[in-house]
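Below is one structure; the comments refer to it alone.
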Amino acid sequence: MSVIISLPDGSKREYPAAISALNVAMDISPRLADAALAAEIDGKMCDIGTIIDHDSELVIHTFKTPQGQELYWHSTAHLMAQAVKQLWPEVKVTIGPAIEQGFYYDFDRDEPFTEDDLAKIEERMKELSAQDLPYSRRELSKAEAISIFDKMNESYKIEILSEIPDDQVISTYTQGDFIDLCRGPHIPSTGKIKAIKLLKSSGAYWRGDEKNKMLKRIYGISFPSNKELKEYLAFLEEAAKRDHRKLGKDLDLFSINDEVGPGLVLWHPNGAMIRHLIETYWKDTHLRNGYKLIYTPHVGRSNLWQTSGHLGFYKENMYAKMDVEGQDYYIKPMNCPFHLSIYNANHHSYRELPIRLAELGTVYRYERSGVLHGLMRVRGFTQDDAHIICTPEQVSDEVEKLIVFSLDMLKSFGFKEFMIYLSTKPEAAVGEDADWEMATNSLKASLNKLGLEFSVDEGGGAFYGPKIDIKIKDAIGRAWQCTTIQFDFNLPERFDMQYIGADNQAHRPYMIHRAVLGSVERFFATLLEYHGGNLPLWLAPVQMMIMPITDAQLDYARALQEKMLARGLRCEIDTRSEKIGYKIRDAEMKKIPYMCIIGKKEAEEESLTLRRHTQGDLGSMSFEDAITKINSEL
RNA sequence: GCUCAAGUAGCUCAGUAGGUAGAGCACAUCCUUGGUAAGGAUGAGGUCACCGGUUCAAAUCCGGUCUUGAGCUCCA
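Residue numbers for the first sequence follow the working numbering, beginning at -14 and rising by one.
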């Protein structure tokens, strides 16, 4: 009985009898066999040693495929657990999955793992890797599994087992003296894990629930070669340099201080200038795209929040009420109720729709202290908020415009890669099914029409409507939400919003709630990290520094500055009595895009010498040539 | 909010058998007027996060509070 195996490149191989995936890999090339970590047989992930006894499609996974990496890191997590159990037998193991970059394992241990502990564990892992222990799979019944882990006093494993259906086949993986409950598959042996680095330890709740016990988590990463590990560590180092908190301090952009309060941002002049430029651009773009700008108060009476429902479902995130002449007021965590109040101030005809109300609205939310993070998570922030109120017929057109509008705006700040998510109806939701369907479909249809790739988060929508989120990555690959486009079936109802249709009847409009940048603070942070502090010329707070070689050129420098300012360039002069090298170094470190150096020669010729940050000397030229050159970059 | 770690000059950091603080950069003044990433001298600058305790004596040891960081959880 022969076995025909189809490979991803479309080729087929025939074998006279059943054969292991590893042997097929060997047959293709010994190098592949060496790199092989697991097999995907007819779409199912299996150990590389799995015997194939019928015609199948086979994919061999190595560290080069995402699935291969995942297994590799998962197996490394097992290796780490083995090392920990050998060093501290009393520690209980819980779970240890692979994550996007590496793996972690949660342990139940009273004392935290110290730096020294991590080093010890890493050392032991290397020893175990050198022993090249095979990961061997064993299938057994639930009862058998329970008895094994019960003997080892691994109560967390018992808890996991107790939740698995009785008839399901349970598998364990053993390497050396370590046995773990695991679905698998795993890499063939510990020897494949060549380079290991344990990165940090921290606390984590059992099953992510803060009512449960706090476990001790260790994060790590591993690679098939030291070279790859080194590259990864270098990447982390590079990323740290781009951290917006560091750049914010170095470039004197913003600060957050204890006296003022955590999560509340102070914008210094340089940061404020960048923010001003972002906001001005934002307003212009919105006006050009049919939005109306509005302004609304920072506080509002409690009945407003009663109507909106925020006091019911959002109270935990709101600051405590304040008393104003016996009335309760709240500082706003959202802009929507104000925007809707503006809509409701007048009667509206279907002829006016869509109405697009936009505001850079500053909101305050009480965030738990542990979640604050630079400008990314703060307690007071400005949403680039807008509400689009339209008729059912206008919905898909509006959604499509909105997606294009959002992506265009993000692109104009230099961003190129986005992750798009579509979130659909959750279990508990308000609104008619027909509305949900119509809204979700128009979101999906628009994304498809625009040829955009997106992932669907089934049931991930807000209770009041489906949404599209666009995320941007920060320096170390963490994704942060910027754009959110959300349907809202809740507030139009609660605020009894209406428009008069062609039939002279009152109708309920559709409402889309959206933010493109998300919040100015978060966007500013991602922008800064994305550009590593080297902002595009149009966003640089100081675009040019004029540097006279000696004091003799000061007058010429001032005249030049005036001419630059008149042409709209943000330009300053370094008048300090320092050498040119010193001034240049200073301007380079402040990441000022253009340096304009003038000495005796330039003053006599009425010319200037330009230098571009990150590029160096551009040579001497006339004032007009310099302006032309600079303008070409704007 | 929880776990762990940390908080010393504007910034980056030294400072443990407890004995009332130190460097570099930045800043000020003076000298120097020097052509593409740090010229020299002098000086000023600190309630060692805050509150309490132990001690003859606390940046240092103990307790509490605040803040920051890494996570958990949550979100723009």
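Glycine is no exception: its CB is placed at the ideal position from the N, C-alpha and C atoms.
In this text, all values refer to a predicted model and were calculated from it rather than measured experimentally.
Backbone CA spacing between residue i and residue j [nearest angstrom]
i	j	result
T599	Q67	49 Å
A130	I149	11 Å
Q86	Y335	51 Å
A104	L183	8 Å
A225	L249	23 Å
G359	Q368	16 Å
S14	V69	36 Å
R596	I612	13 Å
S354	E301	13 Å
V505	V363	11 Å
L289	E352	22 Å
G399	L524	11 Å
E618	G601	16 Å
S126	T175	26 Å
S207	I84	12 Å
G246	A330	36 Å
E264	H271	10 Å
L251	L236	14 Å
M580	E216	34 Å
K401	P82	31 Å
Beta-carbon proximity check, residue i vs residue j, cutoff 7 Å
i	j	result
V441	L407	yes
D40	I(-11)	yes
Y120	Q160	yes
R350	P322	no
P526	I259	yes
G256	L232	no
I178	L56	no
H59	Q52	no
I455	F403	yes
L214	D93	no
R286	Y328	no
F472	A424	yes
L278	A343	yes
H372	H324	yes
S(-13)	P1	yes
L113	L166	no
R538	I583	It should be noted that the sequence gives Gln, not Arg, for residue 538. Contact: yes.
Y449	F480	no
A621	I33	Residue 621 is absent from the model: the chain starts at -14 and stops at 619.
V284	M394	no
R202	S187	yes
For residue i, the residue or residues it bridges with in DSSP
i	result
L200	A189
S207	I181
E344	D370
P533	I583
R(-2)	I(-10)
Q471	K452 and H498
R122	Y158
Y484	H492
D19	Per DSSP, none; premise fails for D19.
F88	A83 and G205
L166	T157
Residue i - DSSP class collapsed to helix/strand/coil
i	result
Q116	coil
R561	coil
F48	coil
D418	helix
K386	helix
M11	helix
W252	strand
D95	coil
F220	helix
V620	Not covered by the structure: residue 620. The range shown for the chain is -14 to 619.
Y515	helix
H358	strand
S60	helix
T599	coil
Q466	strand
S293	helix
R286	strand
V441	strand
M137	coil
K215	helix
Item to complete: Output the residue ranges of the alpha helix (DSSP H) runs that lie fully inside the stretch 307 to 341 and measure 4 residues or longer, sorted by chain position.
Response: Complete alpha helix (DSSP H) runs here, min 4: 321 to 329.
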